[in-house]
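Chemist: Chains as they are written, first to last, in the working numbering: chain L, 734 to 903; chain D, 25 to 701.
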Amino acid sequence: MADYSKVQEEDMVNDEMLKRYLEFSLGEETYAVPLLKVREVIARPETTPVPFTPKHFLGIMNLRGQVISVIDLRSKLNINRKKENDEDSAVIIVDLDPIFLGVVVDSVNNVLTLNLSEVNETPKIDSTKNTEYIEGVYRKDEHLILLLNIAQVLDIEDRKAIQSSIKKAA
Amino acid sequence: MDELEKELKLSFLEESIQLLDDTEQAFLDLERSDDNTSLLDRIFRLAHNIKGTSRAVGFGDVAEFTHELENMLLMLKVGQLTVDTEIVTLLLKCNDYLRGLIEALQEDMEATFDSSRIIAQIHSTVNQNVGLAKSAEKNEETANATSESTTDSEVKKVDVFAAADPSESSLESNLNSDFDLGAINKLKEFDNERDEEAKKQQAIAEEVEKYTTQIDEEDLDNISTSGDNASNSKVEEVSLDHQQKVLNQVMKEAVQSDDDHSHDDPSDKSGTSKKKQIDETIRVKLREVELLNNFVGELVILQTVLNQHKSLVESELIQKTIGQLDKLSKEIQAISMGLRMVPIKQTFQKMQRIVRDTSNALGKKVNLVINGETTEVDKTVLEHLGDPLVHIIRNAVDHGLESTPQERVVSGKPETGTIELNAYHEGNTLVIEISDDGLGIDAEVIKKKAIEKGIISEGSTLSEEEIINLIFLPSFSTKAKVSEISGRGVGMDVVKTNIQGLSGEVRVRTKKGEGSTFRVVLPLTLAIIEGMIVELSGNKFVFPMTQVQEILQPKRESITRVTGLGDMLTLRGEVMPVFKLGDALGVEHQFENVWEGIVAIVRNNGQSYAVFVDEISRLQQVVIKKLGEEIKRKKGMIDSAILGDGLPSIIIDLNELFSTDLLSVKNTQIKNQVGAA
């Protein structure tokens with residue numbers, strides 16, 4: 734229950750149990766990131782590959798004169814693409830203070846307002862994937878939405894270098 | 025503290041720093057020049073300015089100290105004290121102290137200071153140097169008479185500055201006891217001058233409307249009457265500028281004291297005072313200039329995209345417009361980059377102080393010759409330039425010049441050593457040369473030391489240039505003793521690192537017995553670099569042109585494959601390793617053989633190497649874009665640039681990328697040599 738109480742505490746400070754998330758799809762799965770971390774959503778831009786970076790690191794892009802790194806969440810999380818072509822795919826620009834990061838997703842769906850008391854802790858089993866970047870699980874109608882901590886998706890060395898402002902979810 | 029007062033104080037503090045630079049320079053000149061009269065006039069005016077203004081804006085502590093300083097300067101001016109090294113040292117100390125006060129006030133405007141210690145030092149120095157009361161008694165009456173007129177002018181002055189200070193009378197009491205008649209006459213002259221000045225100010229105060237034109241006339245007057253050089257007239261302008269400010273302040277105060285509570289349209293007044301200055305310069309926040317430069321950078325990138333795709337548009341009008349727009353963008357870029365450029369003068373002047381202090385401490389005689397101090401350089405570059413320059417200059421005085429003046433005479437040189445500081449633009453770079461006419465660097469000594477320290481091996485066959493450049497390695501100091509000035513062995517490698525941090529280069533040329541020249545080459549600005557865009561199987565990378573010496577397509581016969589070393593290129597008799605860019609970056613090469621592609625020749629620390637690439641697409645200026653830390657920590661990838669196609673590209677620091685390759689080549693070479701021996 735450690736995770737859960739922490740999440741709760743954080744938001745109690747905000748005097749709100751309601752928090753807004755941006756919901757998006759990766760393959761057949763649905764994820765969400767805190768809306769406050771999202772700077773903007775853009776169509777998939779052209780990127781320049783960077784040598785010696787992992788496969789999920791697509792390269793760098795030009796966002797109106799600013800150079801930003803772009804990662805592909807699907808390949809990072811080993812999720813099969815929805816379609817063969819990426820026409821639908823979008824890039825969410827996330828603010829990881831002090832850097833911005835472009836995150837490629839299959840599609841951006843909508844903005845969710847979640848009551849944090851309904852967020853469940855990440856199940857410990859049920860996945861071969863590394864789950865440290867899943868902050869929690871939210872049940873919406875019949876399917877589950879995984880709440881993602883983007884900062885955790887980056888490499889450990891990257892994170893060290895970036896000094897993420899996002900708290901590690903225990 | 026209301027906003028107006030705060031603003032006045034802030035502007036005083038900022039200007040004081042400037043003035044203190046001027047006075048420091050003047051103090052140093054004092055020691056060097058024979059005719060001190062005009063210099064002392066100038067110094068006195070500067071000190072007077074600081075005193076007057078500091079009092080007017082309410083920094084009593086500063087005013088009090090400057091007052092003491094002014095007294096001493098007055099004694100120098102009237103010939104009561106003579107300029108010597110001790111006095112100049114004291115003056116410089118006062119200058120430093122004053123700078124300290126100003127800087128502390130910049131941090132905290134409410135700060136108070138106790139200057140009694142340094143004031144006591146002034147007094148004791150003055151007393152030692154001035155013969156005890158000579159003909160004071162005889163001339164007491166005359167002195168009294170003069171002091172009356174002095175008081176008169178003081179009163180007028182006080183009127184103008186609207187801030188009476190009882191301690192002002194201490195000047196007169198000094199006069200009574202210490203000054204002889206000649207001094208008093210001189211003082212009288214000076215007072216007359218000051219009278220006039222005061223009258224001028226009053227006249228100005230009466231006719232505020234015509235103020236600007238009057239200032240101009242007086243400016244002209246000052247210039248023509250003084251008949252001095254340009255720099256002097258500049259000081260006149262500065263001092264008038266100050267008077268103008270003080271006057272504005274006085275007027276504001278007058279208005280406020282008339283009716284303390286109703287702020288009688290102060291905004292209007294500050295408006296007029298600002299307007300007057302706008303004609304010449306305005307102060308802009310550096311941050312805003314940087315922001316502007318960023319946007320202009322983007323503009324230029326977009327313009328490049330437009331230019332490259334101009335032919336796709338059918339309309340001639342649009343094509344023409346794009347062409348015109350291009351010209352405009354370039355103009356805007358040039359201007360906006362120019363905003364960051366400042367003359368190197370200030371930094372150079374600081375060097376004079378360094379030379380003075382260092383040479384005095386070492387008992388050497390040194391003359392510093394400065395050329396090209398109006399050369400402009402990017403503010404950020406300039407800020408980081410100070411430390412390395414200080415290191416090089418100190419080094420030149422300590423290691424470069426002969427240990428004693430006698431030693432110089434023996435080798436047929438003038439007793440006084442000369443250090444020359446030159447700055448000039450060369451293409452898109454700023455070149456700074458620091459030369460001394462001292463001993464020169466003895467390659468043999470360096471070599472011996474390097475072997476001793478295990479930096480190179482006994483049998484190594486480094487060229488003389490390579491050996492001399494070993495002084496830039498960490499922990500390399502040949503000076504036998506560790507001194508206060510230099511010789512801790514941290515100097516030159518810091519210089520090298522700092523300058524490389526600015527994408528610059530430093531090299532030494534030396535001739536034994538004749539002296540050495542340190543040549544520092546820096547980019548004019550850090551925001552834009554001259555880049556060479558290279559291609560590797562469709563991937564584009566940018567090499568900084570500062571690192572690339574030349575580009576060529578090697579002939580087949582100039583490439584030799586050496587076991588353990590890979591390909592070697594023979595260029596004009598020099599053999600150098602060829603590194604494949606693709607190997608270092610994990611990218612496939614389009615060509616397998618070096619002679620099918622192109623090589624860029626890079627020279628680092630006297631060691632040359634060739635970098636093999638598939639193709640060079642173009643040379644262009646690129647605007648540097650910062651990379652996130654997640655990429656920056658990768659070796660050799662320092663920054664990025666957005667190219668003509670709108671896509672970002674990585675800027676490669678070749679020396680960093682190939683540092684390990686270079687090292688291994690060197691080691692192999694040494695092994696081979698040892699083996700052969």
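Where a beta carbon is used, it is the ideal one built from N, C-alpha and C, also for glycine.
With DSSP as the reference, please indicate the residues paired to H449(D) in a beta bridge.
Modeler: In the second sequence, counting from the first residue as 1, residue 449(D) sits at position 425. H449(D) pairs with L454(D).
Chemist: Show which residues of chain L have a CB atom less than 9 Å away from the CB atom of N563(D).
Modeler: Along the second sequence, read from residue 1 onward, the residue named residue 563(D) stands at position 539. Chain L residues near N563(D): T781, P782, P784.
Chemist: Does the Cβ of V337(D) have 16 or more other Cβ atoms within 10 Å, making it buried, or fewer, making it exposed?
Modeler: By 1-based counting over the second sequence, the position of residue 337(D) is 313. Flag for V337(D) reads exposed.
Chemist: Which residues in chain D have a C-beta closer than 9 Å to the C-beta of R797(L)? List them in chain order.
Modeler: By one-based count along the first sequence, residue 797(L) stands at place 64. Within 9 Å Cβ-Cβ: E322.
Chemist: For the putative contact between L463(D) and E426(D), defined by C-beta atoms under 8 Å, what is the C-beta separation to the nearest angstrom?
Modeler: Translated into the one-based positions of the second sequence, residue 463(D) becomes position 439. Translated into the one-based positions of the second sequence, residue 426(D) becomes position 402. The pair is a contact, with the Cβ atoms about 6 Å apart (cut-off 8 Å).
Chemist: Just list the residues that DSSP pairs K389(D) with in beta bridges.
Modeler: As a position in the second sequence, residue 389(D) is number 365, starting the count at 1. In DSSP, K389(D) forms no bridge with anything.
Chemist: Rounded to whole angstroms, what is the Cα-Cα separation between F68(D) and I325(D)?
Modeler: Against the second sequence, residue 68(D) aligns to sequence position 44. Against the second sequence, residue 325(D) aligns to sequence position 301. Taking the straight line joining both Cα atoms gives about 52 Å.
Chemist: Among G798(L), S840(L), L810(L), which residue has its Cα nearest to the Cα of Y866(L)?
Modeler: Walking along the first sequence from the start, residue 866(L) turns up at place 133. Ranking the options by Cα distance to Y866(L), first place goes to L810(L).
Chemist: Can you name the start and end residues of the beta strand (DSSP E) that V308(D) belongs to?
Modeler: Taking the second sequence and counting its residues from 1, one reaches residue 308(D) at position 284. Run containing V308(D): none; DSSP gives neither H nor E here.
Chemist: Is F757(L) helix, strand or coil by DSSP?
Modeler: Within the first sequence, residue 757(L) is the residue found at index 24, counting from 1. Of the three classes helix, strand and coil, the one that applies to F757(L) here is strand, per DSSP.
Chemist: Hey, could you find the ends of the beta strand (DSSP E) Q665(D) is sitting in?
Modeler: In the second sequence, residue 665(D) corresponds to position 641, counting from 1. According to the sequence displayed, residue 665(D) carries Ala and not Gln. It spans 661–666 - the beta strand (DSSP E) in which A665(D) sits, taken as one unbroken run.
Chemist: Would you check if the distance between the CB atom of G528(D) and the CB atom of V544(D) is smaller than 8 Å?
Modeler: The residue labelled residue 528(D) in the question sits at position 504 within the second sequence. The residue labelled residue 544(D) in the question sits at position 520 within the second sequence. Against a cut-off of 8 Å, the Cβ pair of V544(D) and G528(D) comes out as a contact.
Chemist: Below 7 Å between beta carbons is the criterion; list the residues of the region 825–841 of chain L that meet it against any residue of chain D, in chain order.
Modeler: So the list reads I832, given in the order they occur along the chain.
Chemist: Can you list, in chain order, the residues of its chain whose CB lies under 6 Å from that of V599(D), leaving out five sequence neighbours each side?
Modeler: Residue numbering aside, residue 599(D) sits at position 575 when the second sequence is read from its first letter. Taken in chain order, the residues that qualify are M592.
Chemist: Is S808(L) close to chain D, meaning its C-beta is less than 8 Å from at least one C-beta of that chain?
Modeler: As a working mapping, residue 808(L) is identified with position 75 in the first sequence. Not one chain D Cβ lies under 8 Å of S808(L).
Chemist: Under 8 Å between beta-carbons, which chain C residues line up against I793(L)? List them in chain order, please.
Modeler: Here chain C cannot be found, since the structure's protein chains are L and D.
Chemist: State the Cα-Cα distance for the pair T428(D) and L386(D), rounded to the nearest angstrom.
Modeler: Here residue 428(D) corresponds to residue number 404 of the second sequence, with the count starting at 1. Here residue 386(D) corresponds to residue number 362 of the second sequence, with the count starting at 1. If I take the Cα positions, the gap works out to 9 Å.
Chemist: Helix, strand or coil for F790(L), going by three-state DSSP, please let me know.
Modeler: Here residue 790(L) is taken as the residue at index 57 of the first sequence, counted from 1. Strand.
Chemist: Could you check whether the region 385–400 of chain D touches the region 438–447 of chain D, counting it as contact only if at least three pairs of C-beta atoms, one from each stretch, sit closer than 8 Å?
Modeler: Output reads yes: the region 438–447 of chain D touches the region 385–400 of chain D.
Chemist: Establish whether the CB of T684(D) and some CB of chain L are separated by less than 8 Å.
Modeler: Residue mapping note: residue 684(D) aligns to position 660 of the second sequence, counting from 1. It does not; no Cβ of chain L falls within 8 Å.
Chemist: With a threshold of 8 Å between beta-carbons, can L316(D) be considered close to chain L, or not?
Modeler: As a first step, residue 316(D) is located in the second sequence; it is residue number 292 there, counting from the start. False, the Cβ-Cβ gap to chain L never drops below 8 Å.
Chemist: Since G610(D) meets chain L, which of its residues come closer than 8 Å, beta carbon to beta carbon?
Modeler: Within the second sequence, residue 610(D) is the residue found at index 586, counting from 1. Under the 8 Å cutoff, chain L gives P784, F785.
Chemist: Looking only at its chain, what residues have a beta carbon closer than 6 Å to the beta carbon of V232(D), apart from the 5 residues adjacent to it on each side?
Modeler: Indexing the second sequence from 1 puts residue 232(D) at position 208. Bear in mind that a pLDDT of 47 at V232(D), under 50, signals an unreliable position, so the model cannot answer this.
Chemist: Anything in chain L within Cβ reach of I325(D), meaning under 7 Å, just list it in chain order.
Modeler: Here residue 325(D) corresponds to residue number 301 of the second sequence, with the count starting at 1. The contacting residues are G798.
Chemist: Smallest Cα separation from R377(D): which of G660(D), L116(D), A608(D)?
Modeler: As a first step, residue 377(D) must be located in the second sequence, where it is residue number 353. Ranking G660(D), L116(D), A608(D) by Cα distance to R377(D) puts L116(D) first.
Chemist: Determine the DSSP secondary structure at D108(D), reduced to helix, strand or coil.
Modeler: Stepping through the second sequence from its first residue, residue 108(D) is reached at position 84. Three-state DSSP puts D108(D) in coil, outside helix and strand.
Chemist: Whose C-beta lies closer than 6 Å to the C-beta of E48(D) among residues of the same chain, with five residues either side of it excluded?
Modeler: Against the second sequence, residue 48(D) aligns to sequence position 24. Excluding sequence neighbours, E48(D) sits near N119.
Chemist: By how many angstroms is the C-alpha of E88(D) removed from the C-alpha of N151(D)?
Modeler: Along the second sequence, one-based indexing puts residue 151(D) at 127. Along the second sequence, one-based indexing puts residue 88(D) at 64. The straight-line gap from Cα to Cα measures roughly 19 Å.
Chemist: Excluding the 5 residues preceding and the 5 following T594(D) in the sequence, name in chain order all residues of the same chain whose CB lies nearer than 6 Å to its CB.
Modeler: Counting from 1 along the second sequence, the entry for residue 594(D) is found at position 570. If we look at T594(D) and ignore the five residues flanking it on each side, its Cβ neighbours are S582.
Chemist: So, with DSSP's three-state summary, where would you put T534(D)?
Modeler: The count along the second sequence starts at 1 and reaches residue 534(D) at position 510. Strand.
Chemist: With DSSP collapsed to three states, give me the class of P578(D).
Modeler: As a position in the second sequence, residue 578(D) is number 554, starting the count at 1. In the structure shown, P578(D) sits in coil (DSSP, three-state: anything other than H, G, I, E or B).
Chemist: Would you kindly work out how many angstroms separate the C-alpha atoms of V774(L) and M794(L), rounded to a whole number?
Modeler: For this step, residue 774(L) is matched to residue 41 along the first sequence. For this step, residue 794(L) is matched to residue 61 along the first sequence. Computed Cα separation, rounded: 14 Å.
Chemist: What distance in whole Å lies between the Cβ atoms of T534(D) and I465(D), which are believed to be in contact at a cut-off of 8 Å?
Modeler: Position 441 of the second sequence, counted from the first residue, corresponds to residue 465(D). Position 510 of the second sequence, counted from the first residue, corresponds to residue 534(D). Indeed they touch by this definition, with Cβ atoms about 4 Å apart.
Chemist: Could you check the C-alpha separation between D402(D) and L409(D) for me, to the nearest Å?
Modeler: For this step, residue 402(D) is matched to residue 378 along the second sequence. For this step, residue 409(D) is matched to residue 385 along the second sequence. Cα to Cα, D402(D) sits roughly 10 Å from L409(D).
Chemist: Looking only at its own chain, which residues have a Cβ that is under 8 Å from the Cβ of L63(D), when we skip the five neighbours before and after it?
Modeler: Here residue 63(D) refers to the residue found at position 39 when the second sequence is read from its first residue. The residues are A50, D53, L54, S57.
Chemist: With a cut-off of 8 Å, do at least 3 Cβ pairs link the region 646–654 of chain D to the region 614–633 of chain D?
Modeler: No, the region 646–654 of chain D is not in contact with the region 614–633 of chain D.
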